[in-house]
Amino acid sequence: MTAMFGEPIARLEDDRLLRGNGAYLDDLGHDALAAAFVRSPHAHARVLGVDVADALDVDGLVAIYTYEDLPGRIAEPLPLLIPHPALTHGRTGYPLASDEVNYVGEPVVMVIARDRYLAEDAAERIMVDYEPLPAVVGVDAALAAEHLVHPDVPGNVAGHLVQSNGDAAAAIAAAPRTLELHLYIERSASTPLEGRGVLARWDTESRRLRIWTSTQTSTGVRAAVAAKLELDLADVDVITPDVGGGFGVKIVHPWPEEVLVPWAARLLRQPVKFTEDRIEHFVASAHERGQRHQVRVGFDDDGRLLGLDVRFWHDNGAYIPYGLIVPIITSTQLLGPYKPGAYRVEFSSLYTNTVIVTPYRGAGRPQGVFVMERTMDAIAAALGLDRTVVRERNFIQPDEMPYDQGLIFQDGRPLIYDSGDYPAVLARLKALAGWDGFEAERAAAAEQGRRLGIGLACYVEGTGVGPYEGAHVVVETSGKVKVATGLTTQGQGHQTVFAQIVADELGVPIGDIEVVTGDTRAFGYAVGTFASRAAVMSGSAVALAARAARAKAIRVAAAALEASPDDLEITGGIVQIKGDPESGIAIGTVAVLSNPLRYAFDEAAQAATQFAGGDIGKPPVADGDEPGIEGREYFSPLRSTFASGMHAVVVETDPLTAEIRIVRYCVVHDCGRLINPRIVEGQIHGGVAQGVGGALYERMAYDETGQLQNASFMDFLMPYVSEVPAGIEIDHLETPSPLNPLGIKGAGEAGVIPGAAVFAAAIEDAEGIAITSMPISPSDLFELRLSRRGDRAV
Amino acid sequence: MASASEQGGITQSSPGLFDISLIVNGAPQAVRVPARRLLSDCLRHDLRLTGTHVGCEHGVCGACTVLVDGVSVRSCLMLAVTADGARITTVEGLTEPDGTLSAVQQAFADCHGLQCGFCTPGFLTTITAGLAENPDPSPDQAREIIGGNLCRCTGYQNIVQAVLRAAELRREAGLKREAGLTREAGLTPEAGP
Chain H
542 MTAMFGEPIA
552 RLEDDRLLRG
562 NGAYLDDLGH
572 DALAAAFVRS
582 PHAHARVLGV
592 DVADALDVDG
602 LVAIYTYEDL
612 PGRIAEPLPL
622 LIPHPALTHG
632 RTGYPLASDE
642 VNYVGEPVVM
652 VIARDRYLAE
662 DAAERIMVDY
672 EPLPAVVGVD
682 AALAAEHLVH
692 PDVPGNVAGH
702 LVQSNGDAAA
712 AIAAAPRTLE
722 LHLYIERSAS
732 TPLEGRGVLA
742 RWDTESRRLR
752 IWTSTQTSTG
762 VRAAVAAKLE
772 LDLADVDVIT
782 PDVGGGFGVK
792 IVHPWPEEVL
802 VPWAARLLRQ
812 PVKFTEDRIE
822 HFVASAHERG
832 QRHQVRVGFD
842 DDGRLLGLDV
852 RFWHDNGAYI
862 PYGLIVPIIT
872 STQLLGPYKP
882 GAYRVEFSSL
892 YTNTVIVTPY
902 RGAGRPQGVF
912 VMERTMDAIA
922 AALGLDRTVV
932 RERNFIQPDE
942 MPYDQGLIFQ
952 DGRPLIYDSG
962 DYPAVLARLK
972 ALAGWDGFEA
982 ERAAAAEQGR
992 RLGIGLACYV
1002 EGTGVGPYEG
1012 AHVVVETSGK
1022 VKVATGLTTQ
1032 GQGHQTVFAQ
1042 IVADELGVPI
1052 GDIEVVTGDT
1062 RAFGYAVGTF
1072 ASRAAVMSGS
1082 AVALAARAAR
1092 AKAIRVAAAA
1102 LEASPDDLEI
1112 TGGIVQIKGD
1122 PESGIAIGTV
1132 AVLSNPLRYA
1142 FDEAAQAATQ
1152 FAGGDIGKPP
1162 VADGDEPGIE
1172 GREYFSPLRS
1182 TFASGMHAVV
1192 VETDPLTAEI
1202 RIVRYCVVHD
1212 CGRLINPRIV
1222 EGQIHGGVAQ
1232 GVGGALYERM
1242 AYDETGQLQN
1252 ASFMDFLMPY
1262 VSEVPAGIEI
1272 DHLETPSPLN
1282 PLGIKGAGEA
1292 GVIPGAAVFA
1302 AAIEDAEGIA
1312 ITSMPISPSD
1322 LFELRLSRRG
1332 DRAV
Chain X
119 MASASEQGGI
129 TQSSPGLFDI
139 SLIVNGAPQA
149 VRVPARRLLS
159 DCLRHDLRLT
169 GTHVGCEHGV
179 CGACTVLVDG
189 VSVRSCLMLA
199 VTADGARITT
209 VEGLTEPDGT
219 LSAVQQAFAD
229 CHGLQCGFCT
239 PGFLTTITAG
249 LAENPDPSPD
259 QAREIIGGNL
269 CRCTGYQNIV
279 QAVLRAAELR
289 REAGLKREAG
299 LTREAGLTPE
309 AGP
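Sequence lines, in order, name chains H and X. Reading the first sequence from the start, the letters are residues 542 to 1335 in the numbering used here. Reading the second sequence from the start, the letters are residues 119 to 311 in the numbering used here.
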């Protein structure tokens, strides 16, 4: 049987989705009542009163709820999911605003009606009386702290963290050369094509709650909602249906709606559904990326880093339910593949009257890589060195692995790189991108009046963070194999890659394997899908569970065949003496034999009944044994595993219009062993497209009063095909991780991480103008050209 | 597109509710809808054809694209009452009569043209109409065919490949003649030979 691991097989989930038979959240619960929300039109205001009188005669109205109606724990603030000692002033919102609103879009009133049209009719008629307060918008206003978002949070500072390794100040002071940079990145957002949504059904007879939600963590939602509704975990099922993309935003939980909809469903004893619309997704879910950075770096005349001191300010929006994860990641992962010399990093996370900030694919790394790679380019420029040479001189070398950066990572564990070969990645990238031949290419283009530039950017990404994932594998008597793992799926092809792992580990045909993810009924212990962790964590757990099931099948079959377990193999779903197909028993039959029966319900079962044989001197199920061919295992690694990669882009900038065109985009990527190269490349493609969006098009255009001016797909410029490169050239290096049984590293986020950095480098190279702020539009570039011309005139 | 007057007007069955008839994936359907009901909601929630997805409700993302009398239309921008009498093809109607995937669907499977799958139905309908118009697109024309649909997962790379692959599959299957017939007849699968 051919090994499935490593094969670029077509996805097993596609057939259903291609026929229109997917089941996304809003495809469920057609008869459910619909929820709609009255949301704050003000970025900052006191709520003085709510008048629902006009809404009461809307046909089909079922209920209207304000903060005053919320009982018990539901009336308390939403949980602060990831506390941290440095998060001294953590604040979270209420499911419905109590007496103050802190961003445009914050839910104030929930309306339940027969359908969404009617619920919106009623919502429109509800009058909320506000007293507007001054809005704090953007990092600078938050830092100035002329106004406060939360009156009891001085300086708008939610948290402040310093980490260091060595004495950076002294190292910089003693360095032969120093530079200072000021770097800024704007907000963007995950923006999955399907927004959030939740459906809840309370079973009045069994007194159980069932929730379907478009989430990246079904077990997280289950625990959070059970706590809010004061239910036992055993009385709550959370099912993740097909999810139309996540990219980070759906890891946040519980959303206000995820608490309110189940609560209302229980109260009304009717199913209730909320489906977020697009404008709601812009103003009432989450954004990321907004950070201002200040870098001081000391280096020698060869470009070697001696000391690096980074201060930055992170805009966390109105509340901080997901804690300091994003800035912690920036502060640690900006080091990339380099030895920074002495390092000190300090950040403040600041409240603003805007949508909350939580991880979006890349999660703080795009900012960190932007900071580090801009610094590398600045050093190269200062010394007149090739940009790849400066990087090479600062790389951690393969023989220095594992490499301890001397910091604490986002999982609370030491930042120790497990493996990687950065010089080899760079060598491949230079070949792929034609780095050494670029000056000739540039000159040839210049002769035609075309302006080209090339940039590169390197990253290291901590993936597969803990604490754990688990998996269950069971062989049915039919020979079918059911696999369950608790984390959720949003398009990553988990059914395919986990089936590939099981096919190899258990020795069964891939077509006989069925994988379930994100359903607490099938597997109750899980963390979630984020931080490029699903393949590493659940993939490893699935492998271990399949190995356990295999060992059991071999043991049972060995007894039946009166053979030594060491002499058996499983291939094509048959357990047999090695190399002797004649001896084989189908694995489904082994499952029958593993379960001693009193009752025969079919011919296969007759083989396992009490009169079918067995040693009468022993109990039918031996001490310490259990019926069935099953494996249930957990994987909990010591630390994260660190993937790496480097991107290069060649851009052409129009000398007249400042339009920026991508000539070619090259990726070299090392995520350890590839389970399915086709799926990994798909992940890279999507990440690169989001990187293009974040670098050239996407920004959250807040005005000074906190109104999001571009909250639609008309105005928020998400890339169409016309904005992405016609081809993305990809090369892989496979440096296995020593930290998990499969040698794999995460791949989900990588494609987006160097986006801002690599485009800034290429545009700077084309234009000869320092690029310090991203994204950059043609208008921005045009302005930069004008201001440079102005400088020269002076 | 068939208008109400051509159909002899729409019956208002009770105040604010209208009886309309649609031919959806070849099957006649009678639906009672409020005047404001979007075609997308009518297909999804009244007829329970949930393959058509709604990604933005303002006609930009293309996830809700269906074929109305053979023309690709954003069903979130069309009222159900204005589709009275029309022949509509949704993603559920793209498969061949014998249940096999259409060339476009098969090409998406072959080329890993989908990840989360939410935008996919809109791409499938759009490309089906695009290839009916241009059965042999160049790579640039393939990009043009999908130029109005948003996908957040794939970076479009494999969707472009899928357009080209679908064209190839159609050629291989000798579907050119059939494409001509379906275009003539309004591009619903049952109109094929």
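Don't be surprised by glycine CBs; every beta carbon is placed ideally from N, CA and C.
Check the Cβ of residue i against every Cβ in chain H and list those closer than 7 Å, keeping chain order.
| i | result |
| --- | --- |
| X/R283 | Going along chain H, no residue has its Cβ under 7 Å from X/R283, so there is no contact; the nearest lies around 12 Å. |
| X/Q275 | H1226 and I1269 |
| X/C271 | G786, G1032 and G1227 |
Name, in chain order, the residues that DSSP records as bridge partners for residue i.
| i | result |
| --- | --- |
| H/L740 | H/W753 and H/K814 |
| H/E1010 | H/F1176 |
| H/H1273 | H/H1210 |
| H/M1403 | This structure gives no information on residue 1403 of chain H, because the portion of chain H shown stretches from 542 to 1335. |
| H/G848 | H/G839 and H/A883 |
| H/M917 | None, per the DSSP bridge assignment. |
Here's a check: name, in chain order, each residue in its chain whose Cβ is nearer than 7 Å to the Cβ of residue i, leaving out the five neighbours to either side.
| i | result |
| --- | --- |
| H/G1007 | D952, S1177 and P1178 |
| H/D1306 | G994, I995 and G996 |
| H/I1312 | A1301, I1304 and E1305 |
| H/V588 | A638, D640, E641, V642, V649, V669 and Y671 |
| H/V1077 | T1004, G1005, T1182, N1281, I1285, K1286 and G1287 |
| H/A765 | P620, H794 and P795 |
| H/D567 | G738 and T816 |
| H/A683 | V677, N697, D856, L891, Y892 and T893 |
Specify the secondary structure class of residue i as computed by DSSP and reduced to three states.
| i | result |
| --- | --- |
| H/A1098 | helix |
| H/R992 | strand |
| H/R934 | helix |
| H/R902 | coil |
| X/V142 | strand |
| H/R1205 | strand |
| H/G1003 | strand |
| H/I550 | coil |
| H/E617 | coil |
| H/G590 | strand |
| H/P1106 | helix |
| H/P955 | strand |
| H/Y635 | coil |
| H/Q1041 | helix |
| H/P673 | strand |
| H/Y963 | helix |
At 7 Å on the CB atoms, spell out the chain X contacts of residue i, in chain order.
| i | result |
| --- | --- |
| H/D818 | E175 |
| H/P803 | Neighbours of H/P803 on chain X: none; closest Cβ ~22 Å, over 7 Å. |
| H/T895 | Ordered by position in chain X, no residue passes the 7 Å Cβ test against H/T895, which lies about 21 Å from the chain. |
What residues from chain H crowd round residue i, counting only those whose CB sits closer than 9 Å?
| i | result |
| --- | --- |
| X/G248 | Residues of chain H passing the Cβ test: none, with the nearest at roughly 12 Å. |
| X/E313 | The requested residue 313 of chain X does not occur in the structure, where chain X is confined to residues 119 to 311. |
| X/G265 | Y1261, V1262 and S1263 |
Rounded to the nearest angstrom, how far is the Cβ of residue i from that of residue j, given a contact under 8 Å?
| i | j | result |
| --- | --- | --- |
| H/G1284 | H/G1235 | That pair is no contact at about 31 Å. |
| X/T244 | X/N276 | Not confirmed; about 16 Å, so no contact. |
| H/T1037 | H/I1203 | Rounded, the Cβ-Cβ distance is 30 Å, inconsistent with contact. |
| H/M1255 | H/S729 | Actually they do not touch by this definition, with Cβ atoms about 17 Å apart. |
| H/V1229 | H/Y1261 | The pair is not a contact, with the Cβ atoms about 15 Å apart (cut-off 8 Å). |
In chain X, which residues lie with their C-beta within 9 Å of the C-beta of residue i?
| i | result |
| --- | --- |
| H/G839 | Under the 9 Å cutoff, chain X gives no residues; its nearest Cβ is about 39 Å from H/G839. |
| H/D783 | C234, G235 and F236 |
| H/P636 | Those do not exist, as H/P636 stays about 25 Å from chain X at its closest Cβ, beyond 9 Å. |
Against residue i, what residues of chain H qualify as contacts under a CB-to-CB distance less than 8 Å, listed in chain order?
| i | result |
| --- | --- |
| X/T218 | Those within 8 Å of X/T218 in chain H number zero; the least Cβ separation is about 11 Å. |
Leaving aside the five residues before and after residue i along the sequence, list all residues of the same chain whose C-beta is less than 6 Å from its C-beta, in chain order.
| i | result |
| --- | --- |
| X/L232 | F226 and T238 |
| H/A1072 | V1006 |
| H/R1088 | E1046 |
So, at 8 Å on beta carbons, what are the nonlocal neighbours of residue i in its own chain, with the 5 sequence-adjacent residues on each side left out?
| i | result |
| --- | --- |
| X/Q318 | Outside the shown range of chain X, which is 119 to 311, sits residue 318 of chain X, and nothing can be said about it. |
Give the interface partners of residue i over in chain X, defined as CB-CB distance under 8 Å, in chain order.
| i | result |
| --- | --- |
| H/M1255 | H176 and V178 |
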